[in-house]
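There are 2 protein chains.
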Amino acid sequence: MRQVLLTLSFVVAVCGMAWAQAADEAKPAASNLPGAEYPRVHSDLRVTFRMTAPGAQKVQVVPGGSDNGLGKGPFDMKRDERGVWTVTTPPAMPGFHYYWLQVDDFACNDPSTQTYFGWNKECSGIDVPDKALSFYDVKDVPHGDVRAHWYYSKTTGMWRRAMVYTPPGYDHDPQTRYPVLYLQHGSGENERGWTAQGRANFILDNLIAEKKSRPMIIVMENGMVAPKAGGSPAAKPPAPSRGNAAFAELVVNDLVPMIDATYRTIPDRTHRAIAGLSMGAGQATQIGFGNLDKFAYLGAFSGGGMGRTAAKIDDSKPLLVWMGAGTAELGCMGSGKTTVEAMNKAGIKAVWFEAPGTSHEWETWRKCLYDFAPRLFQQ
Amino acid sequence: MRQVLLTLSFVVAVCGMAWAQAADEAKPAASNLPGAEYPRVHSDLRVTFRMTAPGAQKVQVVPGGSDNGLGKGPFDMKRDERGVWTVTTPPAMPGFHYYWLQVDDFACNDPSTQTYFGWNKECSGIDVPDKALSFYDVKDVPHGDVRAHWYYSKTTGMWRRAMVYTPPGYDHDPQTRYPVLYLQHGSGENERGWTAQGRANFILDNLIAEKKSRPMIIVMENGMVAPKAGGSPAAKPPAPSRGNAAFAELVVNDLVPMIDATYRTIPDRTHRAIAGLSMGAGQATQIGFGNLDKFAYLGAFSGGGMGRTAAKIDDSKPLLVWMGAGTAELGCMGSGKTTVEAMNKAGIKAVWFEAPGTSHEWETWRKCLYDFAPRLFQQ
Numbered sequence: 299m300r301q302v303l304l305t306l307s308f309v310v311a312v313c314g315m316a317w318a319q320a321a322d323e324a325k326p327a328a329s330n331l332p333g334a335e336y337p338r339v340h341s342d343l344r345v346t347f348r349m350t351a352p353g354a355q356k357v358q359v360v361p362g363g364s365d366n367g368l369g370k371g372p373f374d375m376k377r378d379e380r381g382v383w384t385v386t387t388p389p390a391m392p393g394f395h396y397y398w399l400q401v402d403d404f405a406c407n408d409p410s411t412q413t414y415f416g417w418n419k420e421c422s423g424i425d426v427p428d429k430a431l432s433f434y435d436v437k438d439v440p441h442g443d444v445r446a447h448w449y450y451s452k453t454t455g456m457w458r459r460a461m462v463y464t465p466p467g468y469d470h471d472p473q474t475r476y477p478v479l480y481l482q483h484g485s486g487e488n489e490r491g492w493t494a495q496g497r498a499n500f501i502l503d504n505l506i507a508e509k510k511s512r513p514m515i516i517v518m519e520n521g522m523v524a525p526k527a528g529g530s531p532a533a534k535p536p537a538p539s540r541g542n543a544a545f546a547e548l549v550v551n552d553l554v555p556m557i558d559a560t561y562r563t564i565p566d567r568t569h570r571a572i573a574g575l576s577m578g579a580g581q582a583t584q585i586g587f588g589n590l591d592k593f594a595y596l597g598a599f600s601g602g603g604m605g606r607t608a609a610k611i612d613d614s615k616p617l618l619v620w621m622g623a624g625t626a627e628l629g630c631m632g633s634g635k636t637t638v639e640a641m642n643k644a645g646i647k648a649v650w651f652e653a654p655g656t657s658h659e660w661e662t663w664r665k666c667l668y669d670f671a672p673r674l675f676q677q
Numbered sequence: 299m300r301q302v303l304l305t306l307s308f309v310v311a312v313c314g315m316a317w318a319q320a321a322d323e324a325k326p327a328a329s330n331l332p333g334a335e336y337p338r339v340h341s342d343l344r345v346t347f348r349m350t351a352p353g354a355q356k357v358q359v360v361p362g363g364s365d366n367g368l369g370k371g372p373f374d375m376k377r378d379e380r381g382v383w384t385v386t387t388p389p390a391m392p393g394f395h396y397y398w399l400q401v402d403d404f405a406c407n408d409p410s411t412q413t414y415f416g417w418n419k420e421c422s423g424i425d426v427p428d429k430a431l432s433f434y435d436v437k438d439v440p441h442g443d444v445r446a447h448w449y450y451s452k453t454t455g456m457w458r459r460a461m462v463y464t465p466p467g468y469d470h471d472p473q474t475r476y477p478v479l480y481l482q483h484g485s486g487e488n489e490r491g492w493t494a495q496g497r498a499n500f501i502l503d504n505l506i507a508e509k510k511s512r513p514m515i516i517v518m519e520n521g522m523v524a525p526k527a528g529g530s531p532a533a534k535p536p537a538p539s540r541g542n543a544a545f546a547e548l549v550v551n552d553l554v555p556m557i558d559a560t561y562r563t564i565p566d567r568t569h570r571a572i573a574g575l576s577m578g579a580g581q582a583t584q585i586g587f588g589n590l591d592k593f594a595y596l597g598a599f600s601g602g603g604m605g606r607t608a609a610k611i612d613d614s615k616p617l618l619v620w621m622g623a624g625t626a627e628l629g630c631m632g633s634g635k636t637t638v639e640a641m642n643k644a645g646i647k648a649v650w651f652e653a654p655g656t657s658h659e660w661e662t663w664r665k666c667l668y669d670f671a672p673r674l675f676q677q
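The listed protein sequences correspond, in order, to chains A and B. Using the numbering used here, you'd call the opening residue of the first sequence number 299 and step up by one each time. Using the numbering used here, you'd call the opening residue of the second sequence number 299 and step up by one each time.
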């Protein structure tokens, strides 16, 4: 009876309104807060957003960035007589998309969705499902833990939090040691990005269950870092170049030794990989090529300038250089293909990967990880 | 030189404005986003909030709840000619306080602060420091990991995420086994509350370092739960009573067996405690008194109705019943003192605790945990 009443009141509410289509097969996004009915994703991947602000003059849904899979926004919401604002977008790309609301001229979160650290803030996000893919779903397979681990960094002079994925079974056999992938987020994100937005833990759980990837530890740190001498890292984000230099120092001098001392790693270069996306791709290639005695596998997802550094490689050759990007961002990110070809000619094993249809977004980077991880630690 | 320029421009910006006092010794709150200068906490614990919304007619800072340590809001912000809104509150209570902004009639987050899951949403929060206390600070002591652990619950028919604190040293001696504290958040919060808002991991790190507490595992789950038969738990939060019944079933049938099978616990009642705050206090006492063969230590922070259930205790007496509340909420929560006295008369070891000055807020519950944890697993 309760169910019937709810259904009736819902029908009354939508009757005769322009967005009656929202009452179709659309489902709340998995990224919604528990119980939140909006945003809803339709079967054709249109997305209906809704919020309540009777006093607002203008409300828009703003996708984060010009190549956002929600499409070219901002999307103007329409107000009904009760002050409920609604808009349905054109079909979106599958994957995770940052967005926010513009309420009059104030940029703020959608109160109905979880927040994700991106764009240097707690940002709304929506995960649009891809029916053709399941590699990042939560499946009935053994799951690894994702640990928040605090450690002291001499480089920054502060306690820091690293996120550490330990693979399924890690706790059950205290003799087994594992290779390690250091995996970095992009600009404006943090150490939670690869699990919260990227679903890296579920991707690896699934790959390991299918025996496509070797079980490995994944370490994720915050690449937006300032050195101790540069002032107060807590108070101001650093200029990127300064942050990158400090981050390389932090990884090599603080993070890798701490991880090897804390977790059951295989502490040599052939069991250590470093990869990242966008800004993190630049950091990964900078740190990787600069420390080939420590890292034998290098991955650059949608970024990474390897042309100049590749010339410095001598006897410590990487075992694999992997570069990839989405086909919708090849205008910016496609030069990696040429780099990969040049590396292969120079006798360095290199792989180029293109994620079909996606742009500078997490769906590309999920696909990158899914292709990259199985190639690691096979020698 | 850069420092000088920044200072000068700041002086120019505040010159002649009503909130020039904000340029005093005030410091950005630790709960701010990296680099965010506001909100700022003054040495007398006044808090200055600031945001930019040129098009808004009215902006307020709204403390979450009537007994919020920020004081009796809402606090009206004042607009300057550029559309920057500012308000300074009276001196606040130390501790963590939920709040949000009311921009015209739209409730939304402060873009400058981290979000915390509370009030059934991603909510702004501010941590006002207490100079007299350091028990929940990040200190130069060994730190335990806080793990996100996924497991399948037959009760809900879904994969769930539990948060698990493993104490310092857990990974280094694979022979050592540990007692377990099950620790629950309040209504509208989730499994991250006790670490993100409550700083439970740092409290235990510090207690263990000082040898005041026995090293223990802490398990934190989401108490807002619906049973499998009740429909779609992902889509709707349950009515509290239904959720509580399902949660008890989940803890006893799914969570405790999984934790004992996954982590190095001492799997008996004398090494198992259950506690919670507010709604979680009710759950902890309900589950604890209903399963005295499984839990010997019970804690109720600002809540928990133990009068009726205490009569049922026969041969499986709890080793400790602990109840506490803040002195500013004793009008609602003070009845526990009588319960504790009655229990002691009935031969059950019971402790009553009052957190000086604080109300129905996380500062009370941090202090509760700090008093409760050292009393656990001493027999």
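Cβ coordinates follow ideal geometry from the N, Cα and C atoms, glycine included.
- The beta strand (DSSP E) runs lying completely inside the stretch 383-408 of chain A and spanning 3 residues or more are 393-401 and 404-406, given in chain order.
- Residues of the stretch 367-395 of chain B with a C-beta less than 7 Å from any C-beta of chain A: none at all.
- Taking all protein chains shown into account, A:Lys-419 has 16 or more neighbouring C-beta atoms within 10 Å of its C-beta and is therefore buried.
- Nearest to A:Asn-499 by alpha-carbon distance, out of A:Met-556, A:Arg-475, A:Val-462 and A:Asn-520, is A:Val-462.
- Among the residues of chain A, those whose CB is under 7 Å from the CB of B:Gln-412 are Glu-420, following chain order.
- Taking the C-beta atoms as reference points, B:Ile-515 is found nearer than 7 Å to B:Tyr-476.
- If you look at A:Ile-515, you'll find it in the beta strand (DSSP E) that goes 515-518.
- If you check the CB distance, B:Pro-472 and A:Pro-440 do not come in under 7 Å.
- DSSP, reduced to helix, strand and coil, places B:Arg-562 outside both helices and strands of the structure shown, so it counts as coil.
- For A:Ala-446, at least one C-beta of chain B is nearer than 7 Å to its own C-beta.
- Annotated three-state conformation of A:Gln-584 is helix, per DSSP.
- For B:Trp-398, the nearest beta carbon of chain A is not closer than 7 Å to its own beta carbon.
- Considered as a whole, the stretch 621-663 of chain B harbours 628-631 and 634-643 as its complete alpha helix (DSSP H) runs of no fewer than 4 residues, in chain order.
- Under the 7 Å criterion on CB atoms, B:Val-517 is classed as non-interfacial with respect to chain A.
- B:Thr-636 is classed as exposed because its beta carbon has fewer than 16 other beta carbons within 10 Å across all chains shown.
- For chain B, the residues of the stretch 455-487 of chain A that bring a beta carbon within less than 7 Å of one of its beta carbons are Trp-457, Asp-469 and Pro-472, in chain order.
- Rounded to the nearest angstrom, the Cβ distance from B:Ile-501 to B:Tyr-561 is 20 Å, too far for a contact under 8 Å.
- Pairing B:Gly-367 with B:Tyr-396 gives a Cβ-Cβ distance that is not under 7 Å.
- Secondary structure note for A:Gly-491: its alpha helix (DSSP H) is the uninterrupted segment 491-494.
- By the CB criterion at 7 Å, A:Pro-392 and A:Asp-428 fall inside the cutoff.
- Excluding the 5 residues flanking it on each side, B:Ser-422 has same chain C-beta neighbours closer than 6 Å at Tyr-397, Trp-398, Asn-407, Asp-408 and Thr-411, in chain order.
- For A:Phe-347, there are no C-beta contacts with chain B under 7 Å, since the nearest C-beta of that chain is about 14 Å from it.
- With the rule of 3 Cβ pairs closer than 8 Å, the stretch 542-553 of chain A counts as touching the stretch 580-596 of chain A.
- Counted as a single uninterrupted DSSP element, the stretch harbouring B:Ala-594 is not any alpha helix (DSSP H), since DSSP gives it neither H nor E.
- C-alpha of B:Ala-653 to C-alpha of B:Trp-660: approximately 11 Å in a straight line.
- In the structure shown, A:Asp-503 adopts helical secondary structure according to DSSP, grouped into three states.
- Bounds of any beta strand (DSSP E) do not take in A:Lys-356, whose DSSP letter is neither H nor E.
- With the criterion set as a beta carbon lying under 7 Å from some beta carbon of chain A, the members of the stretch 320-336 of chain B are Pro-326, Leu-331, Pro-332 and Gly-333, in sequence order.
- When DSSP states are grouped into helix, strand and coil, A:His-569 belongs to the helix group.
- Residue state for A:Asp-425 is assigned as strand, using DSSP reduced to three classes.
- At least one CB of chain B lies nearer than 7 Å to the CB of A:Pro-352.
- As a beta-bridge residue in DSSP terms, A:Phe-415 pairs with A:Glu-420.
- Interface criterion not met: the Cβ of B:His-340 is under 7 Å from no Cβ in chain A.
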